[in-house]
Amino acid sequence: MKTFRLLTAVSIAALIAAPSVASAQQKTLYVAGYGGSFEKTIRDEVIPAFEKENGVKVEYVAGNSTDTLAKLQAQKGNQQIDVAIVDDGPMYQAIQLGFCGKLDGLPADLYDTARFKDDRAVAIGIVATGLMYNTKVFAEKGWAPPTSWNDLKDTKYAKQLVIPPINNTYGLEALVMLSKMNGGGETNVDSGFKIFKEQINPNVLAYEPSPGKMTELFQSGQAVIAVWGTGRVQSFANTGFPVDFVYPKEGAATLLTTACPITKPNASPLASSFVKMLLDPKIQLVMLKDYGYGPVLKSLVIPPELGKMAPIGERAAKLYNPDWTVINEKREEWTKRWNREVER
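FYI, in this note's numbering the residues of the sequence shown are 7 to 350.
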């Protein structure tokens with residue numbers, strides 16, 4: 007009997023000391039988000055701390071927003087992704103399609119623009135879509151910096167202009183802004199298509215979706231002006247390359263970088279934790295410094311040396327907010343038209 011009790015005590019002690027089968031298994035959280043410099047920031051500043059704090063392995067799946075949305079649609083019923091980080095347009099679609107779970111415990115001081123209905127997603131940064139130009143080349147040629155969306159039509163930029171295609175938010179917002187300036191808008195983009203086809207296309211070197219290739223075209227000297235966002239431009243400028251961002255006088259467009267936990271059976275609570283870590287004040291300042299994101303927390307104190315390009319304060323207040331309800335209904339139709347009329 008004593009022997010049995012001894013063995014039992016030893017067995018219990020062993021069970022307590024040994025990790026359970028469940029905890030011994032490698033836990034992996036799959037996060038799908040942008041590539042390029044954004045991916046580097048997430049890998050350097052967010053993932054290591056999150057893995058250490060939560061005892062989980064984070065696998066990052068890089069791709070643009072439409073790629074990530076397509077993955078979610080392809081994996082419907084068997085989702086592999088735990089967290090999606092995409093532009094606000096595709097995020098509205100993801101929510102509508104039922105892919106996003108509810109976020110609890112979001113910060114009380116979020117800007118209203120950062121919140122989504124029923125907290126199915128949250129903005130983690132505010133970006134402005136406008137113009138980027140090579141300051142060194144412009145100075146050498148004696149060109150004044152661009153000030154307007156109409157500058158994309160200037161013939162002196164022939165084959166030196168780069169614009170992301172319409173399946174990228176930057177290109178789509180350029181189409182909307184040009185339409186808006188010429189009597190249209192989200193409900194009527196005919197004028198924008200006409201301007202792209204007849205006046206902007208001759209200047210376009212490439213309709214380039216890849217951030218890496220965009221920077222390569224500038225570094226090689228082939229491109230000198232582009233449509234891009236404050237985040238991308240700030241990141242590029244941080245490398246020492248001579249570029250600057252312009253808020254066009256007609257207005258820059260709002261682009262929200264957003265995140266949501268993906269809903270699925272046995273969804274990991276760490277998905278929501280990862281999203282909320284992106285709202286931590288320290289991470290918000292990192293995003294501002296490294297990536298030019300306007301913070302989404304009202305109470306965040308912004309150091310004077312940060313935020314040269316980011317949409318903060320008055321710049322943020324002046325941004326044009328596209329109507330994504332209208333755009334998402336028309337996006338497939340516009341993409342087909344774009345491929346037929348513009349990017350042929």
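C-beta atoms are modelled at their ideal positions from N, C-alpha and C, and glycine is treated no differently.
In the same chain as residue 130, and ignoring 5 residues on each side of it, the C-beta atoms closer than 6 Å to its own belong to 263, 265, 284, in chain order. In the three-state scheme derived from DSSP, where H, G and I count as helix and E and B as strand, residue 135 is classed as strand. With a threshold of 16 other beta carbon atoms within 10 Å, residue 218 falls short and is exposed. The segment 232 to 241 makes contact with the segment 129 to 144, as at least three CB pairs between them are under 8 Å.
Under the 10 Å beta carbon count, residue 103 is surrounded by fewer than 16 other beta carbons and is classified as exposed.
Counting the other CB atoms within 10 Å of its CB gives residue 198 a total of 16 or more, which places it among the buried residues. The shortest CA-to-CA distance from residue 112 to any of 149, 282, 203, 43 is the one to 282. Counting only runs of at least 4 residues, the segment 255 to 300 fully encloses the following alpha helix (DSSP H) elements, listed from N- to C-terminal order: 276 to 283, 287 to 297.
Where residue 89 is concerned, the enclosing beta strand (DSSP E) starts and stops at 89 to 93. By the criterion of a C-beta distance shorter than 8 Å, residue 182 is surrounded in its chain by 191, 192, 195, 198, 259, 328, 333, once the five residues flanking it on both sides are discounted. Ranked by Cα distance from residue 344, the options 320, 152, 174 are led by 174.
Taking 8 Å as the upper bound for CB-CB distance, residue 255 and residue 154 are in contact here, some 5 Å apart. Contact annotation, residue 317 with residue 303: C-beta distance approximately 14 Å; criterion of less than 8 Å not satisfied. For residue 169, the uninterrupted beta strand (DSSP E) run begins and ends at 167 to 169, by DSSP. According to the DSSP assignment, residue 47 belongs to the alpha helix (DSSP H) that extends over 42 to 47. Under DSSP, residue 67 takes part in a beta bridge, and its partners are 38. Under the DSSP assignment, residue 332 falls in the alpha helix (DSSP H) whose first and last residues are 330 to 347.
In this structure, residue 213 sits away from residue 248, with a CB-CB distance that is not shorter than 8 Å.
Scanning 168, 340, 78 for the CA closest to the CA of residue 235 turns up 168. In terms of Cα proximity to residue 62, the closest of 291, 88, 100 is 88. The three-state reading of DSSP puts residue 212 in strand, counting E and B together.
In the three-state DSSP reduction, residue 198 falls in the helix class (H, G or I). Rounded to whole angstroms, residue 38 and residue 230 show a C-alpha spacing of 31 Å. Of the residues assessed, residue 307 falls on the exposed side of the cut-off, its CB having fewer than 16 other CB atoms within 10 angstroms. With respect to the 8 Å criterion, residue 50 and residue 278 are not classified as neighbours on the basis of their beta carbons. Rounded to whole angstroms, residue 67 and residue 148 show a C-alpha spacing of 43 Å.
Annotation: residue 105 to residue 128 spans about 14 Å, alpha carbon to alpha carbon. Excluding sequence positions up to five before and after residue 122, its CB lies less than 6 Å from no other CB in the same chain. Residue range 249 to 252 is occupied by the beta strand (DSSP E) that includes residue 251. Sorting 222, 91, 227, 188 by C-alpha distance to the C-alpha of residue 142 places 227 at the top. Counting along the chain, no alpha helix (DSSP H) covers residue 206, and no H or E run does either.
Taken atom to atom, the span from the alpha-carbon of residue 162 to that of residue 205 is near 12 Å. Non-local C-beta neighbours of residue 53 in its own chain, meaning closer than 6 Å and more than five positions away in sequence, comprise 64, ordered along the chain.
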